Amino acid sequence: MKFHKISTMKKTISPIVLIPAAICFLALVASCKKSSNSSSSISVQNLAGTYTITALTATVAPFPPQNIIDSLKTCQRDDEYVLKTDLTYQYVDAGTKCVPPGDHTGTWALSGTTLTIDSTVNTIQKFDGHVLVLTTNVTFNGISGITTETFTKQ
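The opening position of the sequence shown corresponds to residue 5 in my numbering, with each subsequent residue numbered one higher.
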C-alpha cells in the first residue's frame, strides 16, 4: 500500500502521521469529563437534604461497639432529619407518630468534618453523598463512650 502525501501550505504531512495523531486526539477528547462539584464532598450544599437513621451503635472502651438501634422507640425509627442550606434543621416525627410528637427545629453548623447540631458536636466519619456517618462523644451515668449514627439521605 502506498501513502500519498498531503500538501498544505508548503508543508508535507504523511497520512501515517495523521492517523495516529487523530486517534490520540479522539481518545483524549472522549476521556475528558466536565469538572463538577462532587456530591460527596463535605459542604453545606451537599449535606443539605432529608435523612433517616439506619444504624446506631455505642462504644465504651474496652468493649466492642454495641448495636443500640433497638433502644429507639418504633415511632423514632422512621423520623426525618432535614438539614437546610440556611443552616437550620427540622426534626420531623414522620410515619408512626410519637406521643407527644417529637417535631422540633434548630440550627446546625459545619466546620471541616465537625457537624454541630444545636450544641451537640459530631464528627463526620463518612459522607458519600448518600450515607452520612457521625460519631459523638457522650457521657451517660458517668460512663464515657462514643455513639455512631448512620443516616441515609432520601
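Ideal placement from N, C-alpha and C gives every residue a C-beta, glycine not left out.
Source: prediction; values computed, not measured.
How many Å lie between residue i and residue j at the Cα?
i, j, result
"G116", "D122", "17 Å"
"S47", "L114", "8 Å"
"T56", "C79", "12 Å"
"L136", "A65", "24 Å"
"K157", "G106", "20 Å"
"V142", "T152", "10 Å"
"P68", "G99", "32 Å"
"I72", "I150", "12 Å"
"Q94", "Y85", "6 Å"
"L119", "K77", "25 Å"
"P104", "D97", "10 Å"
"A52", "F144", "30 Å"
"L60", "Q129", "14 Å"
"C102", "R81", "10 Å"
Would you list the one or two residues that DSSP bridges to residue i?
i, result
"A113", "T120"
"H108", "Y95"
"I46", "I46 is not bridged to any residue."
"I150", "T63 and N141"
"G53", "L87"
"L136", "F131 and F155"
"V103", "According to DSSP, which records beta bridges pairwise, V103 is partnered with nothing at all."
"Q70", "A62"
Would you say residue i and residue j are within 9 Å of each other, going by their C-beta atoms?
i, j, result
"A62", "Q70", "yes"
"S75", "D132", "no"
"I111", "T127", "Rather than Ile, the amino acid found at residue 111 in this sequence is Thr. No, these two residues do not count as a Cβ contact at 9 Å."
"T154", "T58", "yes"
"T109", "T89", "no"
Quick one: does the C-beta of residue i sit closer than 8 Å to a heavy atom of the ligand MG?
i, result
"V103", "As far as ligands go, the structure on display features none, and thus does not contain the ligand MG."
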